[in-house]
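Undergrad: Top line first, the protein sequences correspond to chains A and B.
Just so it is clear: in the first sequence, position 102 is 1119 by this note's numbering, and no numbers are missing.
Just so it is clear: in the second sequence, position 101 is 1367 by this note's numbering, and no numbers are missing.
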Amino acid sequence: MTEPVNDGVTTTSGPSTLNPGRAAALHVRPTFAGLRATPADAGASSARATPPHPAAQRDPSRFAPRIAQRRLIASGFAALCLFATLIGVVVLAALLIDIFRDGAGRLSWSMLTGFPSRFADRAGIGPALAGSAWVLFLTTMLAFPLGVGTAIWLEEYAPNNRWRRLIEMNIANLAGVPSIVYGILGLALFVRVMSLGRSLMAAALTLALLILPVIIIASQEAIKAVPRTIRLGAYALGATRWETIKHQILPMALPGIMTGTILALSRAIGEAAPVILVGALGFVAFIPTSPLDQYTVLPFQIFNWVSRPQTAFHEVAAAASIVLLVLLLSMSAVAIWLRNKYTRRS
Amino acid sequence: MSEAIRNPAGPIELEARDLSVLYGETRALKYVSLSIPDRKVVAFIGPSGCGKSTLLRCFNRMNDLIPGVKIEGEALFQGRNLYGVGVDAVDVRRRIGMVFQKPNPFPKSIYDNVVFGPRINGYKGDFRELVERSLRQAALWDEVKDRLDSNALALSGGQQQRLCIARALAVEPEVLLMDEPASALDPIATQKIEDLIYELKQDYTVVIVTHSMQQAARVSDHTAFLYMGEVIEYGPTNELFTNPREERTEAYITGRFG
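#1: With a cut-off of 8 Å on the beta carbons, I'd call A/T1313 and A/P1144 a contact; round off their distance for me.
#2: Show which residues of chain A have a CB atom less than 9 Å away from the CB atom of B/G1363.
#3: When you compare each of A/R1248, A/A1253, A/P1230, A/A1242 to A/Y1262 by their alpha carbons, which one comes out closest?
#4: What does a CB cutoff of less than 8 Å around B/L1285 pick up in its chain, not counting 5 residues either side in sequence?
#5: Can you say whether A/V1107 is buried or exposed, counting buried as having 16 or more other CB atoms within 10 angstroms of its CB?
#6: Tell me whether the stretch 1393–1401 of chain B and the stretch 1347–1358 of chain B touch, counting them as touching only if at least three CB pairs, one residue from each stretch, are closer than 8 Å.
#7: Can you confirm whether the stretch 1228–1241 of chain A touches the stretch 1352–1359 of chain B when touching is taken to mean that 3 or more C-beta pairs between the two stretches lie within less than 8 Å?
#8: Name the residue from B/P1510, B/E1513, B/V1497, B/M1444 whose alpha carbon lies nearest to the alpha carbon of B/L1466.
#9: Would you say B/L1322 faces chain A, with C-beta separation under 9 Å as the test?
#10: Whole-angstrom Cβ separation of A/L1224 and A/A1285, contact assumed at under 8 Å?
#11: Verify the CB distance criterion: does A/N1177 have a CB-CB separation below 9 Å to chain B?
#12: For A/T1278 versus A/A1160, is the C-beta spacing smaller than 9 Å?
#13: Excluding the five sequence neighbours on either side, which residues of its own chain have a C-beta within less than 7 Å of the C-beta of B/Y1377, listed in chain order?
#14: What residues in its chain sit with their C-beta under 7 Å from that of A/P1268, if we drop five residues either side in the sequence?
#15: Quick one: residues in its chain with C-beta nearer than 7 Å to the C-beta of B/R1514, no 5 flanking neighbours on either side, listed in chain order?
#16: Excluding the five sequence neighbours on either side, which residues of its own chain have a C-beta within less than 8 Å of the C-beta of A/L1227, listed in chain order?
#17: Count the other C-beta atoms from every protein chain shown that fall within 10 angstroms of the C-beta of B/E1291, then say buried if there are 16 or more, exposed otherwise.
#18: Select from A/F1100, A/A1147, A/T1102, A/L1213 the residue whose C-alpha is nearest the C-alpha of A/I1304.
#19: If we call anything under 9 Å between Cβ atoms a contact, is B/A1490 one with B/F1507?
#20: With H, G and I counted as helix, E and B as strand and the rest as coil, what does DSSP make of A/D1138?
#21: For A/A1302 and B/L1419, I'd like the C-alpha separation in whole angstroms.
#22: Checking the sheet assignment: what are the DSSP bridge partners for B/A1527?
#23: In this structure, what does DSSP give as the bridge partners for B/K1336?
#24: Applying a beta-carbon distance threshold of less than 9 Å, which residues of chain A neighbour B/D1357?
#25: Taking only the alpha-carbon atoms, compute the straight-line gap between A/A1054 and B/E1505 and give it to the nearest angstrom.
#26: According to the Cβ coordinates, are B/A1404 and B/A1432 closer than 9 Å?
#27: Measure the C-alpha to C-alpha separation of B/S1422 and B/K1374 and round it to an integer number of angstroms.
#28: Given this structure, state the Cα-to-Cα distance separating A/H1044 from A/A1081, to the nearest angstrom.
#29: Identify whether B/M1444 lies in helix, strand or coil by the three-state DSSP scheme.
#30: Among B/P1313, B/P1369, B/I1519, B/V1308, which residue has its Cα nearest to the Cα of B/E1281?
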């Protein structure tokens, strides 16, 4: 590939003031350029007397492509990325295998519905599962309307000024606050000041606060993604702002809002730290029936069993972990399904 | 510019009086005055950024939606200032419909696209009949009558734009504003839109912004040439194109700038 390559535009008759030596070389060794250049081209280029076409200044010696070396670096980087991915996958697989080996044998209907016990072989996760379901339900009821309402206000109503930017910045920061801090806040505000005590409501309020920023940000992104032309189209038909939001923007943003909300909820359902602070119990021998009842949740039940010395309890903890994992994975699956279902349509 | 050209004969539907639009400190439209006669087609032409779309959007208060915009002067609809006290932009937009540059159907069924406007505006008649009438007016009925429930996004670009016209007509406006309605369409779809505009002027006043001078010449009765936020020349289309009074108009229509 050291042969100079010419193209059809440059002709040997063209003036070449910048590189006379090269022009001479072309005279000696005419390339296929002559095959494509028509007499009209030649006439035009000489008549214009313009500087030579840039192709006439090509000089392969100015480049050092080193293709093999660059290819090697490229595949090296690909291998590095694959390695990084594999580490995550392998660790996750090891974790799953370990949990399944320990806990799969303990999975049974009586374990799912039974009450905790001093004896590991009789211990069940009934109250913890019910508590988690309650918390999931209450947290959704609290966080979803508040989060979506905030996102709508910020995106559709709030004037774009300093205050709005300040609020948005604070929301983004709140999303990064450790969950234990929310636990402390919940303990002070909901458990003590609002006298909710060790109730499901106190836990749900705390977890709602925890995931509110995530829901707001996800909903804002989903609302932002609705094209402006859709809004204009609705307004041009005489729709009010609320009618535009209700009939056009929310239906289009809903899949994104739902996806964000479900992922945020799965975070809430997996949290142990804040619920410990706001008073989840380690041993609950009843199924909670109202938001003001005492409770426990799956992550805390697992934590409680793991911290006991007997290995038999560790096996129950592993079985409970499987249940929690299945719960979380199915929530993620619903989120992914929702996202795919609606992105394919548009 | 003579008063006769500013005010064409016949009843006046829309009128701008010393109308200015400011985006922040920039005056995008400068003290524009012109009258648009009832049931005629008026075209706004001019190079990009000349203010023709801004002027168009004054007539249904779509500029209100842009943050930081300020409107001075008057825009009158049937003699009433659209920016006066007690005039609701929502009501203005129902009576003065708009079609945009890029077809923007809602991602819903064809039927739902047409009935959205009438529904929010409390239409009391038969919706099926209204849908058929609107789609017929937009010359789309025959192509979609068997699939009114299919998604509007499945239609071709030209069909989508005619659906947007049908959607605008469904709320029974008196004026139709069109912002480069064919610029995103192929020549055949463009032809259909132009034929449609010719039909529509029997019942509606049509104001069209266009980049295509051929289109302005084909569809409009009157043409306004805008440049740098001002109306340079406004008059009957055939006169403006064959015998422009202003040098800048001539330069533009002969393709020497813009």
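Think of the CB as a built atom: it goes at the ideal place given N, C-alpha and C, for glycine as much as any other residue.
Note that the coordinates shown come from a computational prediction; the quantities given were computed from them, not determined experimentally.
TA: Put simply:
#1: 6 Å
#2: A1253, L1254, G1255
#3: The identity of residue 1262 of chain A in the sequence shown is Ile, whereas the question assumes Tyr. Here the closest residue by C-alpha is A/R1248.
#4: L1295, Y1297, V1298, S1299, L1321, C1324, I1337, E1338, G1339, E1340, A1341
#5: exposed
#6: no
#7: no
#8: B/M1444
#9: no
#10: 4 Å
#11: yes
#12: yes
#13: V1397, L1414, D1415
#14: none
#15: Y1493, I1498
#16: S1196, Y1199, R1284, A1285, E1288, P1291
#17: exposed
#18: A/A1147
#19: no
#20: helix
#21: 56 Å
#22: Residue 1527 of chain B is absent from the model: chain B starts at 1267 and stops at 1524.
#23: B/L1288
#24: G1255
#25: Note that A/A1054 scores a pLDDT of 44, beneath 50, so its modelled location is shaky and nothing firm can be said.
#26: yes
#27: 15 Å
#28: Here the model assigns A/H1044 a pLDDT of 46, short of 50, so the residue's position is not dependable and the matter cannot be decided.
#29: strand
#30: B/V1308
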